[in-house]
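*Asks:*
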Amino acid sequence: MIRTRFAPSPTGDLHIGGVRTALFSWLYARHHQGEFILRIEDTDIERSSQEAINIILDGMQWLGFDVDEGPFYQSSRNEKYQSAITKLLETGNAYYCYCSKDELDTMRETAMARGEKPKYDGKCRNRENSPDNYDSRVIRFKTPQHGETIVNDLIQGEVRYENSELDDLIILRSDGSPTYNLSVVIDDAEMQISHVIRGDDHLNNTPRQINIFLALGATVPTYAHIPLILDENGKKLSKRHGAASVLQYKENGVLPEALLNYLVRLGWSHGDQEVFSLEEMVKLFDLQDVNKSAAAINPEKLIWLNQQYLKNYDGETLAPLLKEQLDRLSINYTQGPKLEKVCEVQKERVKTIKEMALQSRYFYEDFDDFDPVASKKHLRPVILEPLSELKNRLMALEPWDSNSIQQSITQFCEEIEIKMGKVAQPLRVAVTGNGISPSIDVTLALIGKDRVIKRLDKALEFIQARSA
RNA sequence: GCUCCCAUCGUCUAGUGGCCUAGGACGCUGGCCUCUCACGCCGGAAACAGGGGUUCGAUCCCCCUUGGGAGCGCCA
């Protein structure tokens, strides 16, 4: 049974790097009909927060990552870590260390000065008794000093480490709490994780962890270290660039499917295919096809994908999402066209739902001013007469639907021998306030007769004032 | 500094020794469509980091250089 896990530490936002790690773990489990476990690594009580936990949980739900087990919290699993440490102590695989912070610092400095790694030198490793007095003590794992540890990584291949490059890491802090490297091992062993899929920033921790598995007599899981993702400038993800919370994407009107599709193509591919439904991802994804090199995010491509998804969704699906965005903008949509209809006509002309909301304002709200550029260009004296006449015709038009409107305008244009574009665009500016909208007949139909007439009056006044 | 990882268009990638005058996608760009904005369609510019090998033949294998990245915490 394949069992994977996502193990974020709730010390900040769940950014897209973390989401991709979760995605790969989740996909791998689903692809193999395995199980996906969520574990919150909150051993650092100082930096962990409930807020961050909520963001993780909300984000996972939004993205549709269903978990088979968990969330487990490391903070409530302390006994397990303690008993493991006791066992390591008893089997001679761990020892108390009384070295002070200052001692350790100078130890590192001198090692560096000698051109070596700043490792712990094993001073307390063979100590027989505890010193007479000491400020504090920690417990260190006794890393083998000879031989090598081999990581057989599904993505990185075989990576070898000389054990002499490793040092005796602290597994229990002076305050009695276990450290990361200890708790992951205990949890992965106890939860029977078969495949540890995580960022390759953990690759160098892996030999240390393998040694702990071995000392405990536990089964070492299979590892897959996926390359990190970089910001749009090829730099490490930071708060400023790209590392915004996943929920930020939601707020910006990005569809979860589009985000996942975008993320899955970072480091993974399937020939020339760009668009993958969730089902296809599950079916096609495999760790063997994951790249080893880091990938920079490309927001424009994400947005393009989002548009592709938007285009293919129907109004029913999109309406609730548009509703959220309108709410966010405090646009009252109770008086105006049905949201489904608006979605239907807007979906292929915008890139995000947020943009759709912004572009749909005039369906629900009157505006005070015309866009300066658009009105200067299209609301000119020459159009005063035709527009006025067209208003009269529209006033008399029955029924008020896009077909009739289209017919009426076309006929009018033919009669006065004027091109469609010459009247449609001024009309558009008059009723929307700017030069962008769906086709003019649909736009008028959705805005509604009363509003159209009122806005035309206003536009006519505007033109008169301008020519005076 | 030491250890480990990486290296194809600006970006994401295909490519697993001859099919490559290197393919696709985003973006950019020329055009078509067109009532605006988009969509869609057709076309274009754009890359194998450098140097050595191995081989009849290297983007693909090996080595070095250079350039990125990660780790070396009582953070995770």
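Numbering (our numbering), first residue to last: 516 to 983.
Here a beta-carbon is modelled for each residue, glycine too, at the ideal position from N, C-alpha and C.
1. Can you give me the C-alpha to C-alpha distance between L833 and Y848, rounded to a whole angstrom?
2. Assuming R554 contacts R520 (C-beta within less than 8 Å), just tell me the rounded distance between them.
3. Beta carbon of S784, beta carbon of L529: below 8 Å?
4. Report, in whole angstroms, the separation of the C-beta atoms of I920 and A945, which I expect to be a contact under 8 Å.
5. With a cut-off of 8 Å on the beta carbons, I'd call M796 and L542 a contact; round off their distance for me.
6. Taking DSSP as the reference, what is the three-state secondary structure of W915?
7. Which residues in the same chain have their Cβ closer than 6 Å to the Cβ of F800, if we skip the five residues on either side of it in sequence?
8. Give me the residue from E815, D965, P953, I654 with the minimum Cα distance to A911.
9. Could you tell me the boundaries of the beta strand (DSSP E) in which Y610 lies?
10. Measure the alpha-carbon distance for Q594 versus K866 and round it to whole angstroms.
11. Report the option in Q822, L793, V769, I744 whose CA atom is closest to the CA atom of L781.
12. Run the CB neighbour count on A537, radius 10 Å, all protein chains shown included, and call it buried at 16 or more, exposed below.
13. Check this for me: beta carbons of V938 and P901, under 8 Å apart or not?
14. Looking at Q589 and E556, is the spacing between their C-beta atoms short of 8 Å?
15. Mind checking D702: buried by the 16 CB within 10 Å criterion, or exposed?
16. Answer yes if the region 708-727 comes into contact with the region 669-685, meaning at least three C-beta pairs across the two stretches below 8 Å, and no otherwise.
17. Looking at K657 and A609, is the spacing between their C-beta atoms short of 8 Å?
18. Kindly indicate which three-state DSSP category K866 falls into: helix, strand or coil?
19. Counting pairs of beta carbons, one from the region 806-819 and one from the region 573-580, are three or more of them closer than 8 Å?
20. Using CA coordinates, which residue listed in L604, T925, L774 is at the minimum distance from N641?
21. Compute the beta-carbon to beta-carbon distance between S651 and Y611, rounded to the nearest angstrom, for a pair I have assumed lies under 8 Å.
22. Relative to the alpha-carbon of G948, which residue among C639, V957, R970 has its alpha-carbon at the smallest distance?
23. What residue ranges within the region 790-856 form continuous beta strand (DSSP E) runs of no fewer than 3 residues, ordered along the chain?
24. Could you pull out every residue in the same chain whose Cβ sits closer than 7 Å to the Cβ of S692, ignoring the five residues on either side in sequence?
25. Is the beta carbon of V534 closer than 8 Å to that of L778?
26. Residue range of the alpha helix (DSSP H) that D668 falls in?
27. Rounded to whole angstroms, what is the Cα-Cα separation between K763 and S954?
28. By DSSP's criteria, W783 is part of a beta bridge. Which residues make up the other side?
29. Going straight from the alpha carbon of L820 to that of I727, what length do you get?
30. Between the Cα of G637 and the Cα atoms of T621, R655, D620, E624, which residue gives the shortest distance?
31. Could you check what DSSP says for T737 in three-state terms: helix, strand or coil?
32. Classify L844 as buried or exposed, calling it buried when 16 or more other Cβ atoms lie within 10 Å of its own Cβ.
33. Please say whether K826 and E863 have beta carbons closer to each other than 8 Å?
34. Quick check on this structure: which residue in A544, N748, I846 has the alpha carbon closest to the alpha carbon of R876?
35. Could you check which residue in A983, V700, G532 has the C-alpha nearest to that of K750?
36. Starting from E705, follow the alpha helix (DSSP H) in both directions and report where the run begins and ends.
*Replies:* Looking at the atomic coordinates:
1. Locating residue 833 in the first sequence gives position 318, counting from the first residue. Locating residue 848 in the first sequence gives position 333, counting from the first residue. Cα to Cα, L833 sits roughly 15 Å from Y848.
2. Taking the first sequence and counting its residues from 1, one reaches residue 554 at position 39. Taking the first sequence and counting its residues from 1, one reaches residue 520 at position 5. Indeed they touch by this definition, with Cβ atoms about 6 Å apart.
3. Taking the first residue of the first sequence as 1, we reach residue 784 at position 269. Taking the first residue of the first sequence as 1, we reach residue 529 at position 14. Taking 8 Å as the Cβ cut-off, S784 and L529 do not qualify as a contacting pair.
4. Looking up residue 920 in the first sequence gives position 405. Looking up residue 945 in the first sequence gives position 430. Not really, about 14 Å apart at Cβ, beyond 8 Å.
5. Locating residue 796 in the first sequence gives position 281, where the first residue counts as 1. Locating residue 542 in the first sequence gives position 27, where the first residue counts as 1. About 6 Å; that satisfies the 8 Å criterion.
6. In the first sequence, counting from the first residue as 1, residue 915 sits at position 400. Annotated three-state conformation of W915 is coil, per DSSP.
7. Here residue 800 refers to the residue found at position 285 when the first sequence is read from its first residue. For F800, where only same-chain residues beyond five positions count, the Cβ hits under 6 Å are L542, H546.
8. The sequence position of residue 911 within the first sequence is 396, counting from 1. Of E815, D965, P953, I654, the smallest CA-CA separation from A911 is found for D965.
9. Here residue 610 is taken as the residue at index 95 of the first sequence, counted from 1. According to the DSSP assignment, Y610 belongs to the beta strand (DSSP E) that extends over 609-612.
10. For this step, residue 594 is matched to residue 79 along the first sequence. For this step, residue 866 is matched to residue 351 along the first sequence. Here residue 594 turns out to be Glu, not Gln, going by the sequence shown. C-alpha separation (whole angstroms): 51 Å.
11. Here residue 781 refers to the residue found at position 266 of the first sequence. Considering only Q822, L793, V769, I744, the residue with the shortest C-alpha distance to L781 is I744.
12. Position 22 of the first sequence holds residue 537. Result: buried.
13. In the first sequence, the residue the question calls residue 938 occupies position 423. In the first sequence, the residue the question calls residue 901 occupies position 386. The answer is yes: Cβ separation under 8 Å.
14. Residue 556 sits at position 41 when you count from the first residue of the first sequence. Residue 589 sits at position 74 when you count from the first residue of the first sequence. Yes, Cβ-Cβ distance for E556 and Q589 is below 8 Å.
15. The residue labelled residue 702 in the question sits at position 187 within the first sequence. D702 is buried by the Cβ-count criterion.
16. When C-beta atoms of the region 669-685 are compared with those of the region 708-727, three or more pairs fall below 8 Å, so the two segments count as touching.
17. Numbered from 1 along the first sequence, position 94 holds the residue referred to as residue 609. Numbered from 1 along the first sequence, position 142 holds the residue referred to as residue 657. Yes, Cβ-Cβ distance for A609 and K657 is below 8 Å.
18. Here residue 866 corresponds to residue number 351 of the first sequence, with the count starting at 1. Of the three classes helix, strand and coil, the one that applies to K866 here is coil, per DSSP.
19. Between the region 806-819 and the region 573-580 there are fewer than three C-beta pairs closer than 8 Å, too few to call the two in contact.
20. Position 126 of the first sequence, counting from 1, holds the residue named residue 641. Residue L604 holds the alpha-carbon nearest to the alpha-carbon of N641 among L604, T925, L774.
21. Position 136 of the first sequence holds residue 651. Position 96 of the first sequence holds residue 611. Between S651 and Y611, the beta carbon gap of about 10 Å keeps them out of contact (Cβ cut-off 8 Å).
22. The count along the first sequence starts at 1 and reaches residue 948 at position 433. Checked all of C639, V957, R970; the closest Cα to G948 is R970.
23. Fully enclosed beta strand (DSSP E) runs of 3 or longer: not present.
24. As a first step, residue 692 must be located in the first sequence, where it is residue number 177. For S692, where only same-chain residues beyond five positions count, the Cβ hits under 7 Å are T558.
25. Position 263 of the first sequence, counting from 1, holds the residue named residue 778. Position 19 of the first sequence, counting from 1, holds the residue named residue 534. Closer than 8 Å, so yes.
26. Taking the first residue of the first sequence as 1, we reach residue 668 at position 153. For D668, there is no enclosing alpha helix (DSSP H); the enclosing beta strand (DSSP E) covers residues 663-668.
27. By one-based count along the first sequence, residue 763 stands at place 248. By one-based count along the first sequence, residue 954 stands at place 439. It should be pointed out that residue 763 corresponds to Gln in this sequence rather than to Lys. Straight-line spacing of the CA atoms in Q763 and S954 works out to 32 Å.
28. For the purposes of this step, residue 783 is taken as the residue at position 268 of the first sequence. According to DSSP, which records beta bridges pairwise, W783 is partnered with V805.
29. Residue 820 sits at position 305 when you count from the first residue of the first sequence. Residue 727 sits at position 212 when you count from the first residue of the first sequence. Whole-angstrom Cα-Cα distance: 44 Å.
30. Indexing the first sequence from 1 puts residue 637 at position 122. The shortest Cα separation from G637 among T621, R655, D620, E624 belongs to R655.
31. Residue numbering aside, residue 737 sits at position 222 when the first sequence is read from its first letter. Here T737 sits in strand by DSSP.
32. Locating residue 844 in the first sequence gives position 329, counting from the first residue. Residue environment analysis places L844 among the exposed positions, since fewer than 16 neighbouring C-beta atoms fall within 10 angstroms of its C-beta.
33. Numbered from 1 along the first sequence, position 348 holds the residue referred to as residue 863. Numbered from 1 along the first sequence, position 311 holds the residue referred to as residue 826. At the C-beta level, E863 and K826 come within 8 Å of one another.
34. One-based indexing of the first sequence puts residue 876 at position 361. When each option's Cα is compared against that of R876, the closest is I846.
35. Numbered from 1 along the first sequence, position 235 holds the residue referred to as residue 750. Ranking A983, V700, G532 by CA distance to the CA of K750 puts G532 first.
36. Position 190 of the first sequence, counting from 1, holds the residue named residue 705. Per DSSP, E705 belongs to the alpha helix (DSSP H) from 695-705.
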